[in-house]
Structure formats: C-alpha cells, structure tokens
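The structure under discussion appears below in the form of structure tokens.
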Amino acid sequence: MGSSSGEEGEEEWVPPSRRPELADVAPLPQADGPCPVVSIAYRGDFHEVMDYFRALYAAGERSPRALRLTADAIHLNPGNYTVWHFRRVVLEALDADLLLEMHFVDQIAESNPKNYQVWHHKRWLAEKIGPDAANSEHDFTRKILAMDAKNYHAWSHRQWVLQSLGGWESELQYCNQLLEEDVFNNSAWNQRYLLVTRSPILGGLAAMRDSEVDYTVEAIMVNPQNESPWRYLRGLYKDDNNLLVADNRISDACLKVLNKDWTCVFALSFLLDLLRMGLQPSDELKGTIKAMENSDPETGHADIAVIVCSILQKCDPLRINYWSWYQTTLSS
Amino acid sequence: MSALGERCHLYLCCFLNRSKLSIRDNLYKFMLLMKDKSGAFRMHDGGEIDVRACYTAISVASLVNILDDELAKGVGNYIASCQTYEGGIAGEPSAEAHGGYTFCGLAAMVLLNEVEKLDLPSLIGWVAFRQGVECGFQGRTNKLVDGCYSFWQGAAIALAQKLMAGSDEQSKQSQPSKLSSVDDSCGTSSSGLASEKSSIVDYAKIGFDFMKQSNQIGPLFHNIALQQYILLCAQVPEGGLRDKPGKNRDHYHSCYCLSGLSVSQYSAMTGSVSCPLPQHMLGPYSNLLEQIHPLYNVVLEKYEEAYEFFSSE
C-alpha cells in the first residue's frame, strides 16, 4: 500500500518505524487498561501505523507527515472515523489541494463503495470545493451506480450534490436511461420522484403530474407485477386523495390489469385504497369485481371494498394478517 | 452499527462501575454537541447526519435517562421529513425508503412521543409488502431478502402493532394511539395528547410503559413464514446466522436474525395472553427465545433492570 496520498506505483511499503521523517516520534500504544479483555490480535503493520498515528494525534500535529500517515491508517481501516476526522483537521490546517484530496478519496471509495466514512469525506470536500465539483461528483456517482445501480450511499451523495451544487439538467434523462436498463430499479424511481417534486427546471409536481401518470401507467401495463411504478403512482398524488380518485386513468389502469389477471395484488390493493378514498366504482368495475367474487364463492358481502379485501386475503396469503387487519379498518 | 455495540458496552460499564452520574453527565454533553441545527444528530464529531444517528442518540439517551426537551427538539420533524412517498423512512430527506432507517425512525419517534408526525398506515403498508415470496424481509422495494431485515422490518411492524388501536377501541379510522407518559403532578395539561409547552414528558418512561400495554392487534406480517426463513434459510449448519444462503455467517446477521426471530415469536400475543403459544412458533417450544424490547433490541428483562437503575437517584 502507498504511504503518500495520491501516489500510485508498486514501491515497497516502508513501515513508520523506518521512515526518517518519523524518527523523532515516540509511538503511542493503545490504552487497553491493566486487564485487557478479548484483545484484538492486530497485524504487525497495522499495530505500528496506529501507534504512530496515536502519537501524532495526541500531540495535535498538523503537518504533511501527519497527512501521509493518515493515508496509511485509512488504507488499513477505511472505517476508522477518528482518522478521517483528524485528516480533515490537518487538510484544513495545511490548506491542502482539495482536488488532489478528492482523487485520493475516490480511489478508496471505488474499492469501499459501501463505507459511510468515505462518502461523508467526499461530501465535506465537495462542499468546500463548491459548484465546480458538481460535474465530477455526478460522473463519479454515475460510475459507482454503473457497477451497482442501487448503491444507497451513491444515490444519497448524488441527491446531495444536486440539491447543494446543481447539475439537474441531465438528471431526468439519466433516470430514463436507468429505467430502460431495469424498470424494476426502485432507486431510479425514487430519484425520479425527487426530480418531479424538487427539480428547479421541471416546474414541480403539479406541472409534471400529468405526463408522469402516463409514463407510470405505461410502465405498469408492461409489468403489472413491478411494485415500483404502483408506489410511484400513489406518490404522484400524495396528500391529494380527491385528485387521485378523480383521475380516471388510474382506476382504468387497475381495471385493465385486473381484466388480464384478476389476482394482481398491486392492482387489487390500489383499488382498495381508491375505494376507501371514496371512488365510486363504475358498472364495469363492479362487474369485474363480482366476477372475481364468483371465483371465490365464500364471499357474500355488499360492500365492494370489503369484497376486494377478502379477495386479497385469498390472493395474497403471505399478507393474510395484514389484509385481515385492513378489513377491520373498513367500517361503515 | 458499531454505535449500537458501543451502547451495549456502555450498558455493561454502568453495571460494573456505578459512577453513573459522571457517565450520564458527560454523555449528555457529548450528545448535545452532536446535535445539528436541523434538530438531527451527527454520528460523531464532524460526522454524517442521518436517521440512524438520531435513533442511536435518542435510544441511548432514553435508556440512560438523560433524554430531555433540549435533546429532543427538532428530531421529530427531521425524521418525519425522511418518510418517503412509498411510506417507509429513508436515511436522509428524499433518499429511498429503507428497512434499517424505517426501524430507526419509527423507534425514535415512539421514544420522542411524536409518532403522530408520521403517516403510520402508509408506513405499515410499505413494511407489510417488504415480506417476499422467500418469506423473509427485503430492505427496499424490488431488492433481495436479507435475514437482518427480520429485525429491522419485523420490529417496525411489532412497534406499529402496539401503536394501532384495535377496531373495537377506536372509531372509523385506525388512529395511532399516542402513548401518554405525561406527568400531571405539576397540575399542568391532563389530556392524553402532550402539547410541547404545557406538559412535562417523562421520556424514559415511554420505553418502560410501551411494554406494559398489550398488543391491540395481531401480527401484520406472516410470523410463521418469517420464522421459516430464519430457521431454514438463515441458519448456518456450523452455527451462526447469515443474510441468505450463499453468504457467510457474521455476528451482525446472527444478532439481527435472532432478534427478528424473537420479535416474530412474541408478535402474536394479544390481549391478556402472557406468553407465546405453540401455534405462534415454528418448531418445538424449546425454540422459544427470550423476549426483546423492540425499541432498544435488548433482552426485556435486562432493559427493565437498566430502567430501574437509571431512574433511581
């Protein structure tokens, strides 16, 4: 592993005890107390690096050699948040080159893409660099997401960059691309929701809702078993049940799906929500539900919502407890 | 979740060394320093802010009896802002609904007595759909199941079970019943709903009282199916538990699979039933684990000892 930040190459690693620049430093052992319990058997190089780190840390040193040592410690354990914190303190004291630093942390992040500390460090750096960092940060998260399209940290970082540094222009196109690659990618649907509600260039939910409903209904028709667009559709009408009930496209979509597959749980569930919000079922809808009821001769209730709920208890047996409870909430 | 491990370590320390005053005092000061202006908490000095950190701070503060209005201020609003259009809770505002953060968010809100700021039916609806055909829970929509979510999602539902009133108690809609731990001794507000200014909330007592009430409703997930996943898919023949077959065992998954199993075994106890019945459990009755406190993920008996210890002066 390299001993200096940003330096690549196959040079041999020199342990701190044999580095001239650290000759005057007295390594500080870990304070385990008089009777250590289940002591960790640290590897030799780890032990030594941390002893030297502790010495510089305790002394409050803010030097280039301290910066170099934190790189060693980070390579040995990128999860040590104390080391990262100290590195930030030293970076500030030295007024270090932040772009070089971003290159350093990106290398760590690529091999540790689910590590909280590296992403937090990136966020701290990007904030300091400012709007100029937007493009490179978007490029970076795009790279990570190309390897794992659902990496939670990458998405959080991408959202933070958008909201703090900008770069909204091509984001909807990016979402479209990801959904073309995998329409089941719920992270991409979630990102879409952010854009549709918060993007300064798209006009907000009210302006976007109409086209989004069409987009989502189409996705549902192609894959009625895909939960993501169903939830997204619900989300488009969050806090506005009346508008949801009034949008015929929604109940039509449920009906179309159920006519092809009367056991589709998402369609039944959505329908149930609509009914509870006051949807007046059309004759066609009533007909479809009655047909389902006839498939299950046990039900004989008058209330359409209760019928749908009992159908769900049969079609979605894994959630029988949930649907039974749901039924108790459907009162007069 | 190393902070949680540290919390258990702290708990142990307190029992071994009864200088609780200085520990609580320093802990309180530290937590206040970790509070961000948004109301949320950082994981450490200069660290990241998210729902996980909020839960860690609030649950430890509650357990150690140092939670007060100062620490609680603004956290509820932050967590509420993290509930997504899907119904679950994300790590940060606008991020994706996720099982781990959903548990952390909900549990913290219960401990803060601010559950009414969440859309609980929407949350329950999301969590219930996280149980997949494999019978275990997934962490997010359209992702794979993982044994650890047996706890994160299972316990979230278990919490909701205590919060949602049964159909014969409440009227039309299922309103979450707000826990009343309002101290009326000063002669202030006597209503069940604590308003921020006029009542004194005994925060630590919330966690204690939570387990004194029985479940109003039965499990909202398929508890036997979950136990099937844990016992048949998550167990490693050599011992320990895992994410899923093909993954290696580790302590994190061993912990959360077991906690999830316990939650599941005790989830069907309603009304006056005092212990799980054989039909609620998969396998022989000897499979029964100790009950955990779903807000803290600590064995209930141990939690009660801790509560006594930290509430006495």
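Protein sequence lines correspond, in order, to chains A and B.
If you're matching positions, the first sequence starts at 1 in full-length UniProt numbering and goes up one per residue.
If you're matching positions, the second sequence starts at 1 in full-length UniProt numbering and goes up one per residue.
Virtual Cβ for every residue (Gly too), placed ideally from N, Cα, C.
Going straight from the alpha carbon of residue i to that of residue j, what length do you get?
i, j, result
"A/E11", "A/L56", "25 Å"
"A/Y326", "B/F129", "13 Å"
"A/Y52", "A/E21", "12 Å"
"residue 334 of chain A", "A/N321", "An answer regarding residue 334 of chain A cannot be provided, because it is not within the stretch 1 to 332 covered by chain A."
"B/N223", "B/D243", "18 Å"
"B/P93", "A/R192", "14 Å"
"B/S38", "A/G44", "43 Å"
"B/L144", "B/C135", "11 Å"
"A/L207", "A/W168", "The identity of residue 207 of chain A in the sequence shown is Ala, whereas the question assumes Leu. C-alpha separation (whole angstroms): 17 Å."
"B/F309", "B/H253", "30 Å"
"B/Y85", "A/P281", "25 Å"
"A/Y174", "A/A134", "15 Å"
"A/L205", "A/G235", "10 Å"
"B/S62", "B/E116", "19 Å"
"B/K197", "B/P294", "Annotation note: pLDDT 44 at B/K197 (below 50); position unreliable, no value reported."
"B/C186", "B/I58", "Note that B/C186 scores 37 on pLDDT, short of 50, meaning its location in the model is unreliable and no value can be drawn from it."
Indicate whether residue i and residue j have their beta-carbon atoms separated by less than 9 Å.
i, j, result
"B/A268", "B/G207", "no"
"A/H157", "A/R198", "no"
"B/C54", "B/G147", "no"
"B/S286", "B/G154", "no"
"A/A73", "A/L28", "no"
"A/E101", "A/L76", "no"
"A/C316", "A/L268", "The sequence shown places Asp at residue 316 of chain A, not Cys. Taking 9 Å as the Cβ cut-off, A/D316 and A/L268 qualify as a contacting pair."
"A/P229", "A/V257", "no"
"B/V133", "A/L271", "no"
Excluding five sequence neighbours on each side, which residues of the same chain lie with their C-beta closer than 8 Å to the C-beta of residue i?
i, result
"B/G125", "G87"
"A/L194", "Q159, L162"
"A/R249", "V213, D214, V217"
"B/Q228", "C135, L282"
"B/L32", "E70, L71"
"B/P276", "Q265, Y266, A268, M269, L288"
Around the C-beta of residue i, are 16 or more other C-beta atoms found within 10 angstroms, so that it is buried, or is it exposed?
i, result
"A/P64", "exposed"
"B/H251", "exposed"
"B/F30", "exposed"
"B/S262", "buried"
"A/M147", "exposed"
"A/M277", "exposed"
"B/K162", "buried"
"A/K290", "exposed"
"A/K114", "exposed"
"A/C264", "buried"
"B/N77", "exposed"
"B/Q83", "buried"
"A/I307", "buried"
"A/E137", "buried"
"A/M1", "Residue placement at A/M1 is poorly supported in this model, since its pLDDT is 45, which falls under 50; the coordinates still yield a value, given next. Label assigned to A/M1: exposed."
"A/L99", "exposed"
"B/V75", "buried"
"A/I201", "exposed"
"A/P78", "buried"
Ordered along the chain, which non-local residues of its own chain (more than five positions away) have a Cβ less than 7 Å from that of residue i?
i, result
"A/N185", "A149, K150, L178, L179"
Spatial neighbours of residue i within its chain, please: CB distance less than 6 Å, with the 5 preceding and 5 following residues excluded, ordered by chain position.
i, result
"B/Y149", "G99, F137, G139"
"B/Q170", "Low per-residue confidence applies at B/Q170: pLDDT is 39, beneath 50, and the placement is therefore not dependable, though the value from the model is reported in the following sentence. Answer for B/Q170: no residue qualifies."
"A/W84", "Q117, H121"
"B/R52", "C104"
"B/I49", "D36, A40, R42"
"A/L243", "Y237"
"B/T270", "N215, G218"
"A/P254", "The sequence given here places Cys at residue 254 of chain A; Pro does not occur at that position. So the qualifying residues of the chain are A267, F270, L271."
Nearer than 8 Å: is that true of the beta carbon of residue i relative to any heavy atom of the ligand FAD?
i, result
"B/D250", "Judged by which ligands are present, the structure shown has none, so any question about the ligand FAD falls away."
Could I get the ranges of all uninterrupted alpha helix (DSSP H) runs contained in the segment 20-69 of chain A, with 4 residues as the minimum, in chain order?
44-59
Which runs of the alpha helix (DSSP H) spanning at least 4 residues fall entirely within the segment 82-136 of chain B, listed in chain order?
99-112, 120-128
Mind listing, in chain order, the continuous alpha helix (DSSP H) runs of no fewer than 4 residues lying wholly within the segment 266-313 of chain B?
300-311
With a floor of 4 residues, list each alpha helix (DSSP H) that falls wholly inside the segment 227-286 of chain A, ordered by position along the chain.
227-236, 241-246, 248-260, 265-276
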